[in-house]
Amino acid sequence: MLREIKKDYPDLPIIIFSELGQESDIEEAQSIRVSDYFIKSKSTVDQVVERSKKILK
Numbered sequence: 003m004l005r006e007i008k009k010d011y012p013d014l015p016i017i018i019f020s021e022l023g024q025e026s027d028i029e030e031a032q033s034i035r036v037s038d039y040f041i042k043s044k045s046t047v048d049q050v051v052e053r054s055k056k057i058l059k
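Counting from 3, one number per residue, gives the positions in the sequence shown under this note's numbering.
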């Protein structure tokens with residue numbers, strides 16, 4: 003689904019929040035060119051807010 007969205011809207015920022023932190027999941031997200039990938043258990047609210055603000059500028 004994300005591949006189709008990025009194909010239709012290549013400049014749309016996409017931020018993924020996941021519990022999956024396996025390298026293969028992160029690589030797949032990078033191949034779609036997502037804006038950021040957060041692993042829920044390893045990310046703080048401050049990190050999410052700061053990085054999201056940078057993406058949305």
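Idealized CB from N, CA, C, for every residue including glycine.
Task: Per-residue DSSP class, three states only, for I17 - done: As a first step, residue 17 must be located in the sequence shown, where it is residue number 15. It is a strand residue.
Looking only at its chain, what residues have a beta carbon closer than 8 Å to the beta carbon of L14, apart from the 5 residues adjacent to it on each side? If you number the sequence shown from 1, residue 14 lands on position 12. Cβ within range, chain order: I7 and K8.
Item to complete: Mind reading off the beta-carbon distance from S26 to K42? Whole number of angstroms is fine, and I expect it under 8 Å.
Response: Stepping through the sequence shown from its first residue, residue 26 is reached at position 24. Stepping through the sequence shown from its first residue, residue 42 is reached at position 40. The pair is not a contact, with the Cβ atoms about 18 Å apart (cut-off 8 Å).
Handout entry: I34, enclosing beta strand (DSSP E) - first and last residue
Key = The residue you call residue 34 lines up with position 32 of the sequence shown. Careful: I34 lies outside any beta strand (DSSP E) and carries neither H nor E.
- According to the neighbour-count rule (16 or more other Cβ atoms, all chains shown, within 10 Å of its Cβ), is Y11 buried or exposed? As a position in the sequence shown, residue 11 is number 9, starting the count at 1. Result: exposed.
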